[in-house]
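The structure under discussion appears below in the form of structure tokens.
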Amino acid sequence: MPEKKPNNPFDPWSFLPFSSNTIFPESDNDVEKKIKELKIIETWLNFNLEFTRSVIKNNGDQGRSIEHTQRF
């Protein structure tokens, strides 16, 4: 299991399995490992994007409902 990196406030992505100073992998095994890590990150980002979209949509719906209720 990889050791947990401390959060760095100057690098907001430091908690991810890679950071901005990642060196390109040299072996095929390293490449496969990086591909798996990137797929996990992609899944996480897609989940957060969909969640954010649904929150924004629900907030918009609630705002319209409140407006409609206040008219009466």
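The sequence shown maps to residues 1 to 72 in the working numbering. Heads up, the beta-carbon is just placed ideally off N, CA and C, and yes, glycines get one too.
To the nearest angstrom, report how far apart Arg53 and Ile41 are at their CA atoms. 18 Å
Rounded to whole angstroms, what is the Cα-Cα separation between Gly63 and Lys57? 10 Å
How many angstroms separate the CA atom of Gln70 from the CA atom of Thr43? 41 Å
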